[in-house]
Amino acid sequence: MAAPPLLLVTVFVAFPIVVAVAYSLGHVGGLNATIASIAREQHTVDAWWQQTFAAYGDVFADERFLRDLGTTVLVTLVTTVAVVLLAWVIALYLRMSDSIPAKVLSALAVVPMFIPVVIASWAILTFYAGDGFVRTIVQAFGGDAPTLGYTVVCITIGMVWTQLPFATLMIVSGVQGVPQPLIEAAADAGASFGRIVRSVIAPMALVPTVIAATFTAIGTLGAFTVPYFTGPNAPTMLGVEMAGYFTSFNLPQQAIVMAVVVFVIAAGFGALYVWANFRQAQDAGRV
Amino acid sequence: MTGRRIAVAAGALALLVGLTACAGNGPGAASSSGNPAQTVRVYLGDDTNIQELWQSTLIPGFEKANPGVTVDLQFDLHATNKTQTIAKLAAAAQQQKDPGIDLVEGITDDAVKAGLLADVGASVPAAAGIDPKVLAAAGLGAIPYRASSVLLAYDTATVPTPPKTLDELLQWIKDHPGRFAYNPPKSGGSGTAFVATVLDKFVPADVRAQMTTGYHKELESNWAQGWATLAGLNPYVFQKGVYPNGNNGTIDLLASGQVSMIPVWSDQFVSGQEKGTIPKTVAAAQIENPSFTGGATSVGVVKSSDRQQLAIKLVNFVLEPAQQQAIAAKIAGYPVIPLDKLPADIQAKFGAARPGELRPTYFTDHGKDLNNLWDQLVPGH
Chain A
712 MAAPPLLLVT
722 VFVAFPIVVA
732 VAYSLGHVGG
742 LNATIASIAR
752 EQHTVDAWWQ
762 QTFAAYGDVF
772 ADERFLRDLG
782 TTVLVTLVTT
792 VAVVLLAWVI
802 ALYLRMSDSI
812 PAKVLSALAV
822 VPMFIPVVIA
832 SWAILTFYAG
842 DGFVRTIVQA
852 FGGDAPTLGY
862 TVVCITIGMV
872 WTQLPFATLM
882 IVSGVQGVPQ
892 PLIEAAADAG
902 ASFGRIVRSV
912 IAPMALVPTV
922 IAATFTAIGT
932 LGAFTVPYFT
942 GPNAPTMLGV
952 EMAGYFTSFN
962 LPQQAIVMAV
972 VVFVIAAGFG
982 ALYVWANFRQ
992 AQDAGRV
Chain B
57 MTGRRIAVAA
67 GALALLVGLT
77 ACAGNGPGAA
87 SSSGNPAQTV
97 RVYLGDDTNI
107 QELWQSTLIP
117 GFEKANPGVT
127 VDLQFDLHAT
137 NKTQTIAKLA
147 AAAQQQKDPG
157 IDLVEGITDD
167 AVKAGLLADV
177 GASVPAAAGI
187 DPKVLAAAGL
197 GAIPYRASSV
207 LLAYDTATVP
217 TPPKTLDELL
227 QWIKDHPGRF
237 AYNPPKSGGS
247 GTAFVATVLD
257 KFVPADVRAQ
267 MTTGYHKELE
277 SNWAQGWATL
287 AGLNPYVFQK
297 GVYPNGNNGT
307 IDLLASGQVS
317 MIPVWSDQFV
327 SGQEKGTIPK
337 TVAAAQIENP
347 SFTGGATSVG
357 VVKSSDRQQL
367 AIKLVNFVLE
377 PAQQQAIAAK
387 IAGYPVIPLD
397 KLPADIQAKF
407 GAARPGELRP
417 TYFTDHGKDL
427 NNLWDQLVPG
437 H
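So the protein sequences, as listed, match chains A and B.
Positions in the first sequence are counted from 1; adding 711 to them yields the numbering used here.
Positions in the second sequence are counted from 1; adding 56 to them yields the numbering used here.
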């Protein structure tokens with residue numbers, strides 16, 4: 712008999728994924744019958760052993776999808792790099808300084824975790840909007856700041872804002888975990904700050920960094936709320952596009968094709984996470 | 057081993073109980089009071105103002121007019137459980153069992169498409185008074201009972217003379233860059249109306265009539281000029297091509313003075329001015345040649361229901377002048393019956409919006425294509 716956790720994962724995670732992927736390949740019977748009776752422009756097969764990639768063909772022939780896929784990947788990469796850099800700066804500051812500002816900074820970086828994303832998105836949008844805070848301040852000094860509301864830049868700012876807390880928690884704990892004697896020994900041997908970071912702290916905090924980067928990338932890849940509220944109508948991110956395909960255009964099969972594409976990309980980032988975990992287990996002598 | 061098996065079984069049982077308990081919140085779980093045969097079960101998948109309309113006006117009125125009859129309202133906010141409800145109706149129809157719902161509102165389009173509604177036209181005499189175009193657009197079995205249309209809202213402080221026709225409006229947009237906004241059609245009906253109206257400028261009337269009542273994908277080629285016109289507006293609309301999401305997205309921009317003119321739903325305009333979310337300096341009027349499209353909301357009697365006669369009685373009731381007047385007063389909805397059957401003040405209130413000339417929107421599937429094509433062809437081009 713299967714263990715209950717395994718059963719739970721099979722029923723609630725694996726099974727729906729299999730059903731959805733089967734639908735994207737043209738299988739409209741069984742559990743897909745209800746959605747298939749409502750959907751439009753479906754590609755179907757007649758027997759269970761057949762497959763059709765016509766829905767994939769539809770999606771990849773649409774230049775809007777390719778454009779938005781590019782935007783999604785770009786936003787994901789920029790967000791991940793920015794989040795990891797910011798989290799590292801905070802972690803190092805906290806490691807090297809025991810001052811109150813350092814503690815306040817690290818606490819502030821975690822605050823977005825407690826603010827609902829919908830509220831945050833609206834706040835970010837109004838902050839950078841045409842009549843928002845940034846432009847108002849610059850205007851007061853006689854300048855003219857660009858309007859960032861409804862741009863891809865605004866999406867990226869919003870994503871960095873929402874993803875920073877988790878990465879900060881991961882990386883701060885990783886950097887804090889480096890034993891003080893190692894750092895002092897390196898300093899005694901005449902190593903500069905940069906050298907200590909590069910040769911002592913970074914290698915020891917590599918695994919948490921990879922984990923933080925992976926989760927940031929996967930979280931950004933599937934984002935909906937931030938790009939929906941703060942982004943432009945075109946180009947947009949795939950989360951928004953999928954919702955449009957599913958509900959507004961009533962093309963669920965094509966929406967699921969996009970979900971499969973996002974899943975494949977996320978699986979690529981996920982492989983990094985698995986590698987990092989394996990490496991951590993290896994370091995701990997468990998493997 | 058036995059102990060473990062019992063634990064698993066207990067767990068599975070708890071899960072089942074939990075699932076059953078969850079079902080208690082959805083439609084279909086409401087309690088039935090009174091004589092079951094004399095209870096009409098109404099599924100209402102809509103917003104809270106419509107819930108209020110039914111709960112405090114239509115239902116008490118109906119129960120009072122028909123002693124012994126009760127109405128069991130199954131309210132589903134924003135029709136979140138639409139898919140499940142349609143699936144339930146379809147399953148009941150297949151197995152020829154009673155679905156537990158007699159009248160639907162808010163999911164009528166899908167129910168019509170799936171062929172789940174009874175053709176009750178002959179038993180609803182008031183339906184003859186409904187505009188035939190609106191009635192035909194609703195589909196087989198759907199009876200429109202309230203309507204609203206999209207109007208042009210403008211800030212009287214910055215726009216002394218609003219455009220009166222579509223051509224004047226398009227010219228106004230070009231003359232005043234960044235002062236007009238509409239929402240993407242996929243995100244709300246006021247944007248859809250603007251887009252459909254611009255498209256209609258180039259669609260011959262007979263072709264449009266076919267696209268109102270049925271799905272003919274090949275006729276969508278008539279939209280080409282309209283798409284070019286809409287894409288050509290990109291540099292002149294808000295922020296050189298930004299289309300805020302939702303009917304409220306544009307209202308926010310108008311209220312904060314970032315734009316001067318937007319398309320707006322008639323009922324949202326009236327209730328927005330009452331609540332103060334739309335400033336008093338904003339006025340709204342219909343344009344001409346063509347006018348903005350509007351939409352009727354329908355009720356439908358479920359085909360597999362065994363209490364169709366009671367449901368038909370309720371449909372006839374909501375189409376009576378008194379109830380149509382209540383709809384106009386409560387939610388600023390347009391009456392669907394001829395205006396001359398209603399009191400003078402209602403006639404005056406809706407005269408400017410001319411509900412009699414309500415131009416129906418496109419057939420459901422064309423509407424989905426319109427959303428999709430707009431997304432492909434307009435923003436960023």
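Just so you know, even glycine gets a beta-carbon here, dropped at the ideal spot from N, CA and C.
Residue of the options minimising C-alpha distance to residue i
{"i": "residue 129/B", "options": "139/B, 145/B, 120/B and 108/B", "result": "108/B"}
{"i": "residue 980/A", "options": "904/A, 932/A, 726/A and 818/A", "result": "932/A"}
{"i": "residue 354/B", "options": "146/B, 177/B, 92/B and 133/B", "result": "177/B"}
{"i": "residue 399/B", "options": "291/B, 417/B, 376/B and 420/B", "result": "376/B"}
{"i": "residue 214/B", "options": "173/B, 344/B, 273/B and 232/B", "result": "232/B"}
{"i": "residue 989/A", "options": "725/A, 919/A, 878/A and 823/A", "result": "919/A"}
{"i": "residue 260/B", "options": "270/B, 273/B, 125/B and 279/B", "result": "279/B"}
{"i": "residue 889/A", "options": "760/A, 828/A and 916/A", "result": "916/A"}
{"i": "residue 934/A", "options": "727/A, 818/A and 873/A", "result": "873/A"}
{"i": "residue 254/B", "options": "270/B, 287/B and 267/B", "result": "287/B"}
{"i": "residue 200/B", "options": "210/B, 212/B and 186/B", "result": "186/B"}
Chain-ordered chain A contacts of residue i [CB-CB under 7 Å]
{"i": "residue 299/B", "result": "944"}
{"i": "residue 438/B", "result": "Residue 438/B is absent from the structure shown; chain B starts at 57 and stops at 437."}
{"i": "residue 312/B", "result": "842"}
With 16 other Cβ atoms within 10 Å as the buried cut-off, status of residue i
{"i": "residue 195/B", "result": "buried"}
{"i": "residue 93/B", "result": "exposed"}
{"i": "residue 762/A", "result": "exposed"}
{"i": "residue 815/A", "result": "exposed"}
{"i": "residue 721/A", "result": "exposed"}
{"i": "residue 938/A", "result": "buried"}
{"i": "residue 345/B", "result": "exposed"}
{"i": "residue 437/B", "result": "exposed"}
{"i": "residue 927/A", "result": "buried"}
{"i": "residue 202/B", "result": "buried"}
{"i": "residue 870/A", "result": "buried"}
{"i": "residue 256/B", "result": "buried"}
{"i": "residue 724/A", "result": "exposed"}
{"i": "residue 337/B", "result": "exposed"}
{"i": "residue 909/A", "result": "exposed"}
{"i": "residue 824/A", "result": "exposed"}
Cβ-based neighbour list, residue i, same chain, cut-off 7 Å, excluding 5 preceding and 5 following
{"i": "residue 321/B", "result": "204, 206, 245, 246 and 303"}
{"i": "residue 940/A", "result": "832, 833 and 836"}
Cβ of residue i within 8 Å of any chain A Cβ
{"i": "residue 421/B", "result": "yes"}
{"i": "residue 153/B", "result": "no"}
{"i": "residue 436/B", "result": "yes"}
{"i": "residue 424/B", "result": "yes"}
{"i": "residue 240/B", "result": "yes"}
Same chain, Cβ closer than 8 Å to residue i, neighbours up to 5 away in sequence not counted
{"i": "residue 734/A", "result": "743, 746, 747, 963, 964 and 967"}
{"i": "residue 789/A", "result": "867"}
{"i": "residue 359/B", "result": "149, 171, 172, 173, 174 and 197"}
{"i": "residue 238/B", "result": "246, 247, 250, 251, 293, 299, 306, 318 and 319"}
{"i": "residue 984/A", "result": "921, 922, 925 and 926"}
{"i": "residue 435/B", "result": "240, 290, 297 and 299"}
Below-8 Å beta-carbon distance, residue i vs any chain B residue
{"i": "residue 743/A", "result": "no"}
{"i": "residue 781/A", "result": "no"}
{"i": "residue 955/A", "result": "yes"}
Nonlocal neighbours in the same chain, by C-beta distance under 6 Å from residue i, ignoring five residues either side
{"i": "residue 856/A", "result": "845, 846 and 849"}
{"i": "residue 783/A", "result": "948 and 949"}
{"i": "residue 102/B", "result": "162"}
{"i": "residue 242/B", "result": "427"}
Residues that residue i contacts on chain B, provided the C-beta gap is smaller than 8 Å
{"i": "residue 749/A", "result": "139, 142, 166, 169 and 170"}
{"i": "residue 693/A", "result": "Past the boundaries of the shown model lies residue 693/A; chain A is included only from 712 to 998, so the question cannot be answered."}
{"i": "residue 775/A", "result": "431 and 432"}
Under 9 Å by beta carbon: chain B residues contacting residue i
{"i": "residue 721/A", "result": "Result: empty, since nearest Cβ-Cβ is about 13 Å, beyond 9 Å."}
Contacts that residue i makes with chain A (C-beta to C-beta distance below 8 Å)
{"i": "residue 295/B", "result": "841, 858, 860 and 861"}
Per-residue contacts from residue i into chain B (C-beta, under 7 Å)
{"i": "residue 939/A", "result": "301"}
{"i": "residue 909/A", "result": "Chain B residues near residue 909/A: none, gap ~43 Å exceeds 7 Å."}
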